[in-house]
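Below is one structure, written out as structure tokens; the observations come after it.
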Ligand SMILES: Nc1ncnc2c1ncn2[C@@H]1O[C@H](COP(=O)(O)OP(=O)(O)O)[C@@H](O)[C@H]1O
Ligand SMILES: N[C@@H](CCC(=O)OP(=O)(O)O)C(=O)O
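Residue numbers (the working numbering): 93 to 474.
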């Protein structure tokens, strides 16, 4: 690490007021798939201690399915979706009971929040969830978050708790996201496959070289491995949150991070962070409705940061109303931006390819020249 990297990390850590800590399945469970109770108790003690320092804490925890398997006395994790969901329904209760028991031993109150991607995709539900977190944190409560595994279906799934935790970190405007896993941080290649792999201490910018280092899960219990963690770091980084990936089984790891010790991998936030609303459009929503635009419009959006006019729209895919978030694709079928539409799908279909001066003649009204205004548009690739 260079001197300036050390300084910028120290400065950030010393000013932390709110952290989100995500504990992965690989940290919470034994290789049998059952819960590692002493590990959980140890992490809770450290979190309570950090809370005592005056730092607000949100815990994002995996382990519902593992806890359900244990309670039911099954030999292995179930394979079918309904059985996994049943295990999660049983296990989530067990998990929360355990957290609230361990936390209350240190005088802390917990509140459970179970989320699906849908809770974040709808702007009102997103703001509502944000208010709930704020109310809990204001009361000194430690929110304990997981995906709502018992009922979630693929379409509205986060799928892995790394992504979920990054979105929660963004939702609560955390200063730091900590991803606790079964390895000491990001290595330049997967240490489970390459014994000479070296740990990266500091990442200033998450570029392609970082993407290439990250590979999938190291155990059959974990979901996504380093790939989903790097994706989570990017989401966090764009919303102004730094991330540390560290080993959940290392002694006193959370206190070490809070003391600025050199552990794990530290990911700096981007200099130019997306404002909350643009961040929501970029990462929190998962738009299923699409519009396709031509090369000229692509240049206007990507290079000149202009609004999207009807003239550049080639095709509409999906049925949607005005005010919804759309995914914008180029003609090579690459997703390039997200944005909030001023017109519904039927009307865009009628005005696509024409000059904005013709909108009123065709639709009988004109609210805007732009189909998507630059202020309501977020570019996903350069
Ligand atoms: N470049 C890398 N550096 C570190 N770990 C990596 C890398 N690429 C892949 N991995 C794997 O990612 C695993 C951690 O992810 P995962 O098993 O999903 O844990 P969790 O349950 O904590 O989310 C590590 O055990 C390791 O095998
Ligand atoms: N929500 C699921 C866990 C999701 C998941 O496996 O995440 P992780 O292993 O932390 O990457 C559960 O509670 O079992």
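We put the CB at the ideal spot given by N, CA and C, even for glycine. Since the structure is predicted, the reported quantities are computational estimates derived from the model, not experimental observations.
Asked                                                                                                                                                                                     : Found
Could you pull out every residue in the same chain whose Cβ sits closer than 7 Å to the Cβ of residue 140, ignoring the five residues on either side in sequence?                         : 195, 198 and 200
Hey, out of 383, 302 and 240, whose CA is closest to residue 439's CA?                                                                                                                    : 383
Which of the three DSSP states, helix, strand or coil, is assigned to residue 184?                                                                                                        : helix
Is the closest heavy atom of ligand 2 to the C-beta of residue 154 under 7 Å?                                                                                                             : yes
Go through the segment 232-299 residue by residue and report every complete run of the alpha helix (DSSP H) that reaches 4 residues or more, in order.                                    : 253-263
Grouping DSSP H, G and I as helix and E and B as strand, with all else coil, what is residue 382?                                                                                         : strand
Going by Cα to Cα distance, which pick from 465, 116 and 107 is closest to residue 309?                                                                                                   : 116
Compare the beta carbon distance of residue 253 and residue 154 with 8 Å and say whether it is the shorter of the two.                                                                    : yes
Is the beta carbon of residue 234 sitting closer than 8 Å to the one on residue 149?                                                                                                      : yes
Consult DSSP for residue 172 and reduce its assignment to one of helix, strand or coil.                                                                                                   : coil
Could you please give the first and the last residue of the uninterrupted beta strand (DSSP E) stretch that includes residue 200?                                                         : It is not in any beta strand (DSSP E) - residue 200 carries neither H nor E in the DSSP assignment.
Might you give, ordered along the chain, the residues of its own chain that have their beta carbon closer than 7 Å to the beta carbon of residue 436, omitting 5 neighbours on each side? : 412, 413 and 414
For residue 306, does the three-state DSSP call read helix, strand or coil?                                                                                                               : coil
In terms of residues, what are the limits of the beta strand (DSSP E) holding residue 110?                                                                                                : 110-115
Which stretch, first to last residue, makes up the beta strand (DSSP E) that contains residue 419?                                                                                        : 417-421
Assuming residue 153 is part of the beta strand (DSSP E), what are its boundary residues?                                                                                                 : 148-153
Okay, do the segment 343-356 and the segment 126-138 touch, 3+ Cβ pairs below 8 Å being the bar?                                                                                          : yes
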